[in-house]
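Residue numbers (the numbering used here), protein chains in the order written: chain A, 1 to 69; chain B, 1001 to 1251; chain C, 2001 to 2358.
As structure tokens, this is what we get:
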């Protein structure tokens, strides 16, 4: 993978925008709840991340850190 | 691999109190990024409004001072005149800037005050529960226009960017939206230009930001972001409304 | 120092400049325009200083808020209807503990009223005026010299206690011309106030706010303000007495009414009436204790004001039933004459049986 992301669950509000805008379909909304009761975003198992950082660009909560080669 | 994106240092480590998908969160972040990139933390004073964004000071790690509703431009004027080396910006909603604060905003622009206004236009009064704003669209249902905004009785959506562009002291006015990755990038560029206009001392600058309010629009975040691109921009077209920054005598 | 002949409004302006006022924001309104124009001519041209004729009194008080945030001495002025507009801003200044000087050259009211002098804003001035539990220091000058002296003092008091300070003048004081001596020279440039908000260089970022979602913390702010007000009440009360020692009837009056009453009292004395006057100079804090002490020996008071009886309530509260107080007032901009006040004094004096003996 060219990149990977870390989603801080406690900042996530389950708005689903990262999942909507990710060009690789690498992010989905999971069934896991955080302490505030939101269904948090998570990376797809066996998925591809290009490190484009569009998810971090749209994430209103600044919950995502992005790493790239 | 190296980290290519992380929380800007001017953004405090706090979970935003804003609703999921709210535009304030995105705008706070890009302002914080610009404060970092343009080295403004030491000299900036931000003036948040009454409204959902009254708590901006819980997030932006700069000096901040609340203003009375609508008076941000006047407070910014007094501060900037008393301390011209301070970087002063207001952060105002559509009621704050375009209803109760119309006079103060127009006259601050008219005097060419070297301040920047960040104008969050979400076509509704958010904090108070979704009443009509000056920028509410024709036919839009809000809690004080339950049958939809009737232009003949309730007036038309007010286009503050266009109005302020007519004022001689205005130096830079752009309308953007935080509704998609490309629009967010453009929004950040616009705020950068507006901030630069203040640093260059050319006059009043404003960025009007079409911003989603999923809760009061009664939409999901994704629907709200889409509504801006599909519907709102037709009434409030995006783009540079005025750019006098290259001109010598900008009022 | 030489004396110059000056109108009251201009004297306020000159005194403010000599007190180191750096910013003035105002709006034209009769009868205080000479002050706004004086600041335009003299402050506006001073290096590093700012004069703005704002778009409204409302905008002006908010510009004052901004300049005070930046840590400089700042003033605004208006007259009654414009002062009503400023009440929101004054409440915010008080809540944020920001110093500022506000000048009210009051006129007849309510409504648009008249452009002639009145004292009908006493309650508004001394009870905070805007929403919320707060007070501002209120000074009541009664001559052009006192306008100059108290303007200078107002800036010091505002900075000392971090409160807004109001100078409650009126249209007559503002426009009359008297010799005045300015006892202070303008400073080179005052240092920026320590708690100024100019950017978080070298320190943690600072927040100035009035909103809280925690009522208990707001209550604590109110308590903290009122503790400060107790100190102001203890240390800053000022009043004047005139012919009071053997007086059987004590006139209580402030501002221009006190000036006119002085003439009336002198004439009444010539007729053999033993009249004196206590003139509050600080209207807030009110010289309640002084009146209370006076009432141990003096049992008859006459409150004379150019309103429908506002300071009268403070006199009654101070007396707390220990003496009688009568009232004589004109309002709407009508100015009583010395002869008229002398008649009022005589009437009360005789009605209360103060002539001869007792």
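For glycine and all other residues, C-beta sits at the position ideal for the given N, C-alpha and C.
Within the same chain, show all residues whose beta-carbon is closer than 6 Å to that of residue i, passing over the 5 residues directly before and after it, in chain order.
i, result
"residue 1075 (chain B)", "1047 and 1067"
"residue 2177 (chain C)", "2005 and 2007"
"residue 59 (chain A)", "18"
"residue 2241 (chain C)", "2278"
"residue 2126 (chain C)", "2138, 2283 and 2284"
"residue 2246 (chain C)", "2274"
"residue 1141 (chain B)", "1148"
"residue 56 (chain A)", "64 and 66"
"residue 1040 (chain B)", "1087"
Out of the options, which has the shortest C-alpha to C-alpha gap to residue i?
i, options, result
"residue 1006 (chain B)", "B:1061, B:1168, B:1032 and B:1164", "B:1032"
"residue 51 (chain A)", "A:23, A:62, A:40 and A:61", "A:23"
"residue 1169 (chain B)", "B:1201, B:1059 and B:1196", "B:1201"
"residue 1069 (chain B)", "B:1080, B:1236, B:1083 and B:1093", "B:1093"
"residue 1061 (chain B)", "B:1022, B:1083, B:1112 and B:1013", "B:1013"
"residue 2229 (chain C)", "C:2033, C:2333 and C:2161", "C:2161"
"residue 2018 (chain C)", "C:2316, C:2193 and C:2184", "C:2184"
"residue 10 (chain A)", "A:63, A:69 and A:68", "A:63"
"residue 1072 (chain B)", "C:2065, C:2071 and C:2070", "C:2065"
"residue 1098 (chain B)", "B:1122, B:1114, B:1082 and B:1077", "B:1122"
"residue 1231 (chain B)", "B:1059, B:1216, B:1246 and B:1210", "B:1210"
"residue 2251 (chain C)", "C:2299, C:2223 and C:2068", "C:2299"
"residue 1082 (chain B)", "C:2310, C:2096, C:2063 and C:2097", "C:2063"
"residue 2255 (chain C)", "C:2164, C:2347 and C:2168", "C:2168"
Label residue i either buried or exposed according to how many other C-beta atoms from any shown protein chain fall within 10 Å of its C-beta, with 16 as the threshold for buried.
i, result
"residue 1063 (chain B)", "buried"
"residue 2353 (chain C)", "exposed"
"residue 2318 (chain C)", "buried"
"residue 1228 (chain B)", "buried"
"residue 1143 (chain B)", "exposed"
"residue 2361 (chain C)", "Lying outside 2001 to 2358, the shown extent of chain C, residue 2361 (chain C) is not represented and no answer is given."
"residue 1237 (chain B)", "exposed"
"residue 1003 (chain B)", "exposed"
"residue 1152 (chain B)", "exposed"
"residue 1199 (chain B)", "exposed"
"residue 36 (chain A)", "exposed"
"residue 1065 (chain B)", "buried"
"residue 2102 (chain C)", "buried"
"residue 2351 (chain C)", "exposed"
"residue 2157 (chain C)", "buried"
"residue 2308 (chain C)", "exposed"
"residue 1010 (chain B)", "buried"
"residue 46 (chain A)", "exposed"
"residue 2311 (chain C)", "buried"
"residue 2270 (chain C)", "exposed"
So, for residue i: in the same chain, excluding its five sequence neighbours on each side, which residues have a beta-carbon less than 8 Å away from its beta-carbon?
i, result
"residue 2320 (chain C)", "2292"
"residue 1020 (chain B)", "1214 and 1221"
"residue 42 (chain A)", "7, 27, 28, 29, 30 and 32"
"residue 2197 (chain C)", "2069, 2070, 2071, 2206 and 2208"
"residue 72 (chain A)", "Shown here, chain A extends from 1 to 69; a query on residue 72 (chain A) therefore has no answer."
Looking only at its own chain, which residues have a Cβ that is under 7 Å from the Cβ of residue i, when we skip the five neighbours before and after it?
i, result
"residue 53 (chain A)", "66"
"residue 2143 (chain C)", "2178 and 2259"
"residue 1052 (chain B)", "1018, 1024, 1126 and 1127"
Any heavy atom of the ligand NAD closer than 7 Å to the Cβ of residue i?
i, result
"residue 1068 (chain B)", "No copy of the ligand NAD occurs in the structure displayed, which carries no ligand at all."
**Prompt:** Does the pairing of the segment 2082–2097 of chain C with the segment 2056–2063 of chain C give three or more beta-carbon distances under 8 Å?
**Reply:** yes
**Request:** Note down, in chain order, all residues in the segment 1022–1054 of chain B with a beta-carbon under 9 Å from any beta-carbon belonging to chain C.
**Result:** 1040, 1041, 1042, 1043, 1044, 1045, 1047, 1048, 1050 and 1054
**Request:** Closer than 9 Å, Cβ to Cβ, to anything on chain C: give me those residues from the segment 1094–1108 of chain B, in chain order.
**Result:** 1103, 1104, 1106, 1107 and 1108
**Prompt:** How about the segment 2130–2140 of chain C and the segment 2071–2079 of chain C: do they share at least three Cβ pairs that are nearer than 8 Å?
**Reply:** no
**Touching by the beta-carbon criterion (3+ pairs, under 8 Å), the segment 1023–1040 of chain B and the segment 2165–2175 of chain C** = no
**Asked** Is the segment 2247–2264 of chain C close to the segment 2200–2211 of chain C, with three or more CB pairs under 8 Å?
**Response** no
**Asked** Per the contact definition of three or more C-beta pairs closer than 8 Å, is the segment 2008–2015 of chain C in contact with the segment 2038–2052 of chain C?
**Response** yes
**Request:** Give a yes or no on contact between the segment 1047–1057 of chain B and the segment 1087–1105 of chain B, applying the rule of three or more CB pairs nearer than 8 Å.
**Result:** yes
**Request:** Return the residues of the segment 2316–2329 of chain C that lie within a Cβ-Cβ distance of less than 8 Å from chain B, sorted by chain order.
**Result:** none
**the segment 1–22 of chain A: positions lying closer than 8 Å to chain B by Cβ** = 3, 4, 10, 11, 13, 14, 15, 16, 17, 20 and 21
**Prompt:** For the segment 1094–1106 of chain B against the segment 2087–2102 of chain C, are there 3 or more C-beta pairs whose distance is under 8 Å?
**Reply:** no
**Request:** Name, going along the chain, the residues of the segment 1201–1234 of chain B whose beta-carbon falls closer than 7 Å to a beta-carbon of chain A.
**Result:** 1221, 1222 and 1225
**Prompt:** Pairing CB atoms from the segment 1123–1136 of chain B with CB atoms from the segment 1153–1167 of chain B, are three or more of them under 8 Å?
**Reply:** yes
**Cβ contact check for the segment 1120–1130 of chain B and the segment 1183–1193 of chain B: 3 or more pairs under 8 Å** = no
**Interface positions of the segment 1112–1130 of chain B facing chain C (Cβ-Cβ less than 9 Å), listed along the chain** = none
**Request:** Residues of the segment 27–47 of chain A with a CB closer than 9 Å to any CB of chain B: list them in chain order, please.
**Result:** 36 and 38
**Message:** So if I threshold CB-CB distances at 8 Å, which residues from the segment 1175–1189 of chain B count as touching chain A?
**Reply:** 1180, 1181, 1184 and 1185
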